[in-house]
Amino acid sequence: MHEVVANGARIPTIGFGTYGTERADMLQTLPAALKAGFRHIDTAQIYRNEMDVGECVASSGVPRSEIFLTTKVWVANYPADRFASSVDQSLRNLRTDYVDLLLLHWPHEGVPLAEQIGLLNQAVRSGKVRHIGVSNFNRRLLEQAIDLSATPLVTNQFEYHPYLGQSLLAGATRQAGLAVTAYCAMAIGRVLGDPMLAEIAATHGRSIPQVVLRWLIQQDGVVALSRTTNPSRVAENLAVFDFELGEDEMAAIQTLAEPDGRIVSPPGLAPAWDP
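Okay, structure coming up:
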């Protein structure tokens, strides 16, 4: 598995995303993903499927040390009297004594950012977490989080797909030495009907999802989360390391970005997004 290295973390370049995956689908697709070679699994407390992930990992036969496991603390658990206990519950759910990466899921002004970052650092010192990072942080908040953390942050996870230009945020994230982790890569299926992407895919004899994943990981320091509920397509999402897109193709995909291309922006959670 190819990796992105950031502040001491070695993050498998293609991750298996579990957002919105129901138990029945998880019990089919995650074992297939692990069998196909996925070693990076991304979940979160609010997804309410950590127990399913833990069950699949435990029964897979893959050594825990070979799996890079990410979860995210939900905003309701940011207060000091809930944070550590929520992490302990995540570990129980995941049937492990540590996670490789723990993220703050969204910015939240109800608890000072310094306290949030301090609690992430405590989780590292406790030995229950190997690496820490943030999710859905804009440039200003990311800079503050980096300055507040004694332990280097390793990633900022945010929405990134062909219809959402993220050059400013991605650039700031990489410049700070962090990996970009891209979610919602397929724009909730919109990419599947795109004529330009279809043409590029046909040129390479690949599927559109493979082209999109390749476009993401061919950018420096980018980790891409892939998601499917079809076990037969799991291996396809890993088969993106044996071809390259040309500079003209990379640039053409960049032109698909739209001013209103953002999909994920929940009121009360979303920060003031970078342009």
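Using my numbering, the first residue of the sequence shown is number 958, and each one after it goes up by one. Built from N, CA and C at the ideal position, the CB exists for glycine as well.
Distance CB(residue i)-CB(residue j) smaller than 7 Å
| i | j | result |
| --- | --- | --- |
| GLY1090 | VAL1111 | yes |
| SER1106 | LEU1060 | no |
| VAL1191 | LEU1170 | no |
| GLN1114 | SER1047 | no |
| VAL1068 | TYR1035 | yes |
| ALA1136 | VAL1014 | no |
| ARG996 | PHE1025 | yes |
| ASP999 | LEU1182 | yes |
| ALA993 | LEU1213 | no |
| SER1017 | LEU991 | yes |
Residue burial classification, residue i (beta-carbon count within 10 angstroms, cutoff 16)
| i | result |
| --- | --- |
| ARG967 | exposed |
| ILE1220 | exposed |
| THR1053 | buried |
| THR975 | buried |
| GLY1122 | buried |
| GLN1211 | exposed |
| GLU1204 | exposed |
| ASN1187 | exposed |
| ASP1151 | buried |
| THR1160 | exposed |
| ALA1208 | exposed |
| ALA1071 | exposed |
| ALA981 | exposed |
Residue of the options minimising C-alpha distance to residue i
| i | options | result |
| --- | --- | --- |
| VAL1179 | THR1138, PHE973, GLU1012 | THR1138 |
| THR1027 | VAL1010, PRO1020, HIS1161 | VAL1010 |
| ALA1127 | LEU1154, MET1143, ARG1147, ARG1097 | ARG1097 |
| ILE1165 | MET1008, LEU1182, GLY1146 | GLY1146 |
| GLU1206 | ALA1181, GLU1215, TRP1172, TRP1230 | TRP1172 |
| GLU1007 | VAL1030, GLY994, ALA993 | VAL1030 |
| ASP1104 | PRO1152, GLY1075, LEU1195 | GLY1075 |
| GLU1201 | PHE973, GLY1018, VAL1168, GLU979 | VAL1168 |
| ALA1041 | ARG1021, GLU979, ASN1078 | ASN1078 |
| ALA1037 | VAL1019, GLN1073, GLY1162, LEU987 | GLN1073 |
| SER1189 | LEU987, GLU1012, GLY977, GLU979 | LEU987 |
| GLU979 | PRO1223, SER1222, ARG1184 | ARG1184 |
8 Å Cβ shell around residue i - same chain, five flanking residues per side excluded
| i | result |
| --- | --- |
| ASP1177 | ARG1131 |
| GLY1134 | ALA963, ASN964, PRO1109 |
| HIS1258 | In the structure displayed, the chain extends from 958 to 1232; residue 1258 sits before or after that span and is not available. |
| LEU1226 | VAL1032, TRP1063, PRO1064, HIS1065, ASN1093 |
| GLU1193 | SER1164, PRO1166, GLN1167 |
| ARG1021 | VAL1014, THR1053 |
Beta-carbon proximity list for residue i, same chain, < 6 Å, skipping 5 on both sides
| i | result |
| --- | --- |
| ALA1144 | HIS1118, TYR1120 |
| LEU928 | Here the chain comprises residues numbered 958 to 1232, so residue 928 is not present and cannot be evaluated. |
| CYS1157 | As written in the sequence, residue 1157 is Ile, which differs from the Cys given in the question. VAL1168, GLU1206. |
Cβ distance (whole Å) where residue i is taken to contact residue j below 8 Å
| i | j | result |
| --- | --- | --- |
| VAL1044 | ALA1080 | 6 Å |
| ASP1231 | ASN1095 | 5 Å |
Residue-chain proximity (residue i, chain B), Cβ-Cβ < 7 Å
| i | result |
| --- | --- |
| THR975 | Going by chain labels, chain B is absent from the structure shown, which holds only one protein chain. |
Same chain, Cβ closer than 7 Å to residue i, five either side skipped, listed in chain order
| i | result |
| --- | --- |
| GLU1215 | TYR1120 |
| ALA1229 | ASN1095 |
| GLU1116 | TYR1140, CYS1141, ARG1219, ILE1220, VAL1221 |
| GLN985 | PRO1188 |
| GLU1023 | ARG996 |
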